[in-house]
Structures are given as C-alpha cells and as structure tokens.
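>
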Amino acid sequence: MTNDAVLSANNVAFDFAQDGGIVSPGINWDGSDFAIGTTTFQNSYTLNEGGTLLLEVDAANSQADKLIVDGAAVLNGGTIDLVYDPAFLTNGMAFDMIQFNSDVQGLDKIELDLPEDDAYFWNVSWTDAGLVTFSVDGGAVPEPATWALLLVGLGLGGYTLRNRKK
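Residue numbers 2 to 167, in this note's numbering, belong to the letters of the sequence shown in order.
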C-alpha cells in the first residue's frame with residue numbers, strides 16, 4: 002500500500018506491505034469521536050518508512066484499537082499515530098493495542114506521534130509473548146505557564162522574607 006490509501010478491515014488474509022498510507026483498525030466514517038476496532042493480519046505485515054499505523058484510544062469508555070499480526074511482522078520504520086482525548090486519561094490506564102503472534106523482524110525505527118496538548122507520560126511495554134501495551138504513566142506534566150507562576154511566587158516569597166523588618 003502506498004500514497005494516501007487508507008485500510009480498515011477486520012481480517013486481512015494476504016501478505017501486506019505498507020510503504021505509505023494509513024492502516025487503522027477503526028475508521029471514523031460516521032463522524033463520531035472515535036471508531037474503535039480490531040484488525041487481524043492472518044499472514045505477514047510489513048510497516049516501512051512512510052507508512053502510518055493509526056491507533057485510537059477512547060479513554061472515556063476504556064477502549065482502544067488493536068492490531069493483531071498472526072504471521073511474521075517486519076518493522077522497517079513508519080509511524081504509530083496515537084489518537085485520543087487527553088481530558089479522559091487517568092494515571093494507570095493501560096491499553097493492549099498490538100499483538101504479534103509470530104516473529105518480529107527489523108524494528109529499525111518506529112515514531113510515536115502524540116497530540117500536542119498531551120500532558121501525560123506514556124509507557125510502551127513489549128512482552129515476550131508479543132503483546133505491546135500503551136499505558137499512562139505518572140501524573141500530568143505542568144504546563145510552562147504553571148512553572149513560571151510557581152517561580153514568580155517563590156521569588157516574591159523570598160523577597161518578602163529577605164526584606165521584612167526584624
């Protein structure tokens with residue numbers, strides 16, 4: 002698959018190589034916020050540079066897309082685009098989003114794209130059984146304005162203590 006093609010299917014029964022375009026287990030055809038689904042590649046799946054795997058998380062309903070590869074997986078670059086609404090995330094949420102049931106080759110480079118307004122750390126874990134889990138790790142990260150306000154407050158407090166009359 003190349004260029005701007007989009008693939009969303011429950012089962013793919015042939016060897017599939019992705020050099021471009023988007024693979025998404027759930028496609029938002031009806032305009033809803035998230036379209037959660039599962040795609041199973043019964044044979045091999047290859048993700049090359051230029052291809053995007055789009056995975057959606059519906060945190061409000063504790064659901065997420067899932068990609069299952071029964072055959073060999075070859076990861077030669079590409080991007081995993083994680084789409085979600087940060088307002089519904091809570092610390093400790095975990096989503097099993099990729100399952101490799103056979104050999105995995107390559108893994109030269111995979112980029113993980115996150116929304117710009119995300120204020121959480123994400124942990125990506127990979128088990129020996131081939132399960133890849135994305136989990137929210139730790140609390141929200143303060144915005145730069147929050148840090149600036151904290152520093153101004155500490156500075157004013159220090160100034161007041163230093164210049165108070167004894």
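Glycine included, every Cβ here is placed at the ideal spot set by N, Cα and C.
In terms of residue numbering, what span does the beta strand (DSSP E) encompassing Asn124 cover?
Within the sequence shown, the letter at position 123 stands for residue 124. Taken as a continuous stretch (DSSP letters only), the beta strand (DSSP E) holding Asn124 covers Phe122 to Trp127.
> Whose C-alpha, out of Phe96, Gly27, Ser45 and Glu57, is nearest the C-alpha of Leu115?
For the purposes of this step, residue 115 is identified with residue 114 of the sequence shown, where counting begins at 1. Per the Cα distances, Glu57.
> Tell me Phe135's beta-bridge partners as DSSP assigns them.
The residue you call residue 135 lines up with position 134 of the sequence shown. Per DSSP, Phe96 and Val125.
> Which whole-angstrom value describes the C-beta separation of Val75 and Met98, a residue pair presumed to lie in contact below a C-beta threshold of 8 Å?
In the sequence shown, residue 75 corresponds to position 74, counting from 1. In the sequence shown, residue 98 corresponds to position 97, counting from 1. Their Cβ separation, rounded to whole angstroms, is 19 Å, which puts Val75 and Met98 out of contact at 8 Å.
> For Thr39, which residues from the same chain have a beta carbon less than 6 Å from its beta carbon, with the 5 sequence-adjacent residues on both sides left out?
Your numbering for residue 39 matches position 38 in the sequence shown. Answer for Thr39: Pro26 and Lys67, listed in chain order.
> Buried or exposed: which applies to Asp129, given that a residue is buried once 16 or more other Cβ atoms fall within 10 Å of its Cβ?
The sequence position of residue 129 within the sequence shown is 128, counting from 1. Flag for Asp129 reads exposed.
> Should Asp104 be labelled buried (16 or more other beta-carbon atoms within 10 Å of its own) or exposed?
The count along the sequence shown starts at 1 and reaches residue 104 at position 103. Exposed: under 16 other Cβ atoms inside 10 Å.
> What does the alpha-carbon distance come out to for the pair Thr91 and Thr147?
Numbered from its first residue, the sequence shown carries residue 91 at position 90. Numbered from its first residue, the sequence shown carries residue 147 at position 146. C-alpha separation (whole angstroms): 20 Å.
> Count the other CB atoms within 10 Å of the CB of Asp59; is the residue buried (16 or more) or exposed (fewer)?
By 1-based counting over the sequence shown, the position of residue 59 is 58. Result: buried.
> Check each candidate in Asn44, Val153 and Ser136 and name the one with the smallest Cα separation from Tyr85.
Along the sequence shown, read from residue 1 onward, the residue named residue 85 stands at position 84. For the residues Asn44, Val153 and Ser136, the minimum Cα distance to Tyr85 belongs to Ser136.
> Let me check understanding here. Comparing Cα to Cα, which of Val70, Ala65, Ala10 and Gly107 lies closest to Gly79?
Walking along the sequence shown from the start, residue 79 turns up at place 78. Answer by Cα proximity: Gly107.
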